[in-house]
Amino acid sequence: MRRPLFAGNWKMYKTLPEGLALVRGLKTALKGNDRGDVVVCPPAPLLAPLAEELKGSGIALGAQNLYFEDEGAFTGEWSCAMLKSVGATYVIIGHSERRSIFGETDGMVQKKTAKALKAGLIPIMCVGETLKEREEGETFAVLLRHVRAGLAGIPENLAAKVVIAYEPVWAIGTGKTATPAQGQEAHAFIRKEVARLYGEDLAHAMRILYGGSVKPGNVKDLVAQSDIDGALVGGASLKVEDFAAIARGGA
Ligand code: PGA
25 MRRPLFAGNW KMYKTLPEGL ALVRGLKTAL KGNDRGDVVV CPPAPLLAPL AEELKGSGIA
85 LGAQNLYFED EGAFTGEWSC AMLKSVGATY VIIGHSERRS IFGETDGMVQ KKTAKALKAG
145 LIPIMCVGET LKEREEGETF AVLLRHVRAG LAGIPENLAA KVVIAYEPVW AIGTGKTATP
205 AQGQEAHAFI RKEVARLYGE DLAHAMRILY GGSVKPGNVK DLVAQSDIDG ALVGGASLKV
265 EDFAAIARGG A
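Just so you know, we're using my numbering here: the sequence shown kicks off at 25 and counts up by one.
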């Protein structure tokens, strides 16, 4: 059985005092919770102090991005080694905001995913269609492109560590969630493509998260779907009660 994963993507929210308060609240609220793995992905400047605060809590730490070079003159970027040195174990890659606002291409997503895997970080690789693409009947073509391009050239032993997040862009921050059936359909499609690339066993073991307006009230029906293995949560991960309720599997 796949162990569920609940990941909080804080985006560009929370100062250090606010972030510390949030993780302290989560530590208390999630004590003894065994519904699944939990990871918080704060802005990069908060990683090191939050790692300290999270020690021994069972809550893992992730980053929201990385650069695919080891080091060098890349102002404003950071490497896998830097992330590891401050205690991050996960990293979100190819979020739609990175793709649309910062111009990340499928090729960059692949390089970042490969680099994270080689460094021993667990990539949460985001895929998903825009509203226009869905309306034009392009959803599955986009998913195929994102999955194939993102995993291109990645060998089986490393691909086995990847987490994929299906985030329909039209559901991110909009309050519009995919229905459990829409989510299941996309997740099953993604898993089928992973099986074609790497075989049934790897595909069966891979965790595929749903993201896009996940709330305590809708997470239960989503993760009840056979191919939905947890959630990547934006807005609702910024409040202790909401994220704790989601990480407990929902209301
Ligand atoms: P949301 O964001 O939960 O606020 O819709 C999800 C995400 O962007 O990862």
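Just so you know, even glycine gets a beta-carbon here, dropped at the ideal spot from N, CA and C.
(request) State the start and end residues of the unbroken beta strand (DSSP E) segment that holds Val12. (result) In the structure as shown, the chain starts at 25 and stops at 275, and residue 12 therefore has no counterpart that could be examined.
(request) Tell me whether Ala97 sits in a helix, a strand or coil according to DSSP, three-state version. (result) Of the three classes helix, strand and coil, the one that applies to Ala97 here is coil, per DSSP.
(message) So the candidates are Val62, Ala143, Asn89 and Leu90; which of them puts its Cα closest to the Cα of Gly80?
(response) Nearest of Val62, Ala143, Asn89 and Leu90 to Gly80, Cα basis: Val62.
(message) So, for Glu180: in the same chain, excluding its five sequence neighbours on each side, which residues have a beta-carbon less than 8 Å away from its beta-carbon?
(response) Correct list, in chain order: Tyr222, Gly223 and Leu226.
(message) the ligand PGA and Ile232: does any heavy atom of the ligand fall closer than 7 Å to the residue's C-beta?
(response) Proximity of the beta carbon of Ile232 to the ligand PGA is not indicated: no heavy atom of the ligand is located closer than 7 Å.
(request) Along the beta strand (DSSP E) that carries Gly86, what are the first and last residues, could you check? (result) Element bounds for Gly86: Ile83 to Ala87.
(message) Considering only the alpha carbon of each residue, which of Ala143, Arg26 and Leu78 lies closest to Glu93?
(response) Of the candidates Ala143, Arg26 and Leu78, the one whose C-alpha sits nearest the C-alpha of Glu93 is Ala143.
(request) Using a threshold of 8 Å, state whether the C-beta atoms of Gly207 and Ile252 are closer than that. (result) Between Gly207 and Ile252, the C-beta spacing is below 8 Å.
(message) Relative to the C-alpha of Tyr234, which candidate in Ala219, Ala255, Lys216 and Gly241 has its C-alpha closest?
(response) Of Ala219, Ala255, Lys216 and Gly241, the residue nearest in Cα terms is Ala255.
(request) Give the C-beta separation of Val186 and Ile214 to the nearest angstrom, bearing in mind that I take them to be a contact with Cβ-Cβ under 8 Å. (result) Not quite, the Cβ-Cβ distance comes to about 11 Å (not below 8 Å), so this is no contact.
(message) For the structure I just gave you, are there three or more beta carbon pairs, one from the stretch 63-83 and one from the stretch 152-166, closer than 8 Å?
(response) The stretch 63-83 vs the stretch 152-166: no contact.
(request) For Ser109, count neighbouring Cβ atoms within 10 angstroms of its own Cβ and tell me buried if that reaches 16, exposed if not. (result) Its Cβ having fewer than 16 others within 10 Å, Ser109 is exposed.
(message) Restricting to Cα atoms, I'd like to know which of Gly197, Ala105 and Glu157 is closest to Glu121.
(response) The option with the nearest alpha carbon to Glu121 is Gly197.
(message) Quick check for students: name the residue ranges of the alpha helix (DSSP H) that lie wholly in the stretch 206-263, counting only runs of 4 or more.
(response) Correct list: 224-229 and 243-247.
(request) Name the two residues that bound the continuous beta strand (DSSP E) containing Leu74. (result) Secondary structure note for Leu74: it is in no beta strand (DSSP E), and the uninterrupted alpha helix (DSSP H) holding it is Leu71 to Leu78.
(message) Tell me the rounded alpha-carbon separation between Thr52 and Asp130.
(response) Rounded to the nearest whole angstrom, the C-alpha separation of Thr52 and Asp130 is 39 Å.
(request) May I ask you to report which of helix, strand or coil DSSP gives Asp266? (result) In this structure, Asp266 counts as helix in the three-state DSSP scheme.
(request) Using a threshold of 8 Å, state whether the C-beta atoms of Ser237 and Thr201 are closer than that. (result) The criterion of a C-beta distance shorter than 8 Å is satisfied by Ser237 and Thr201.
(request) Please determine, among Val64, Gly96, Ala176 and Ala229, the residue with the shortest C-alpha to C-alpha distance to Ala260. (result) Per the Cα distances, Val64.
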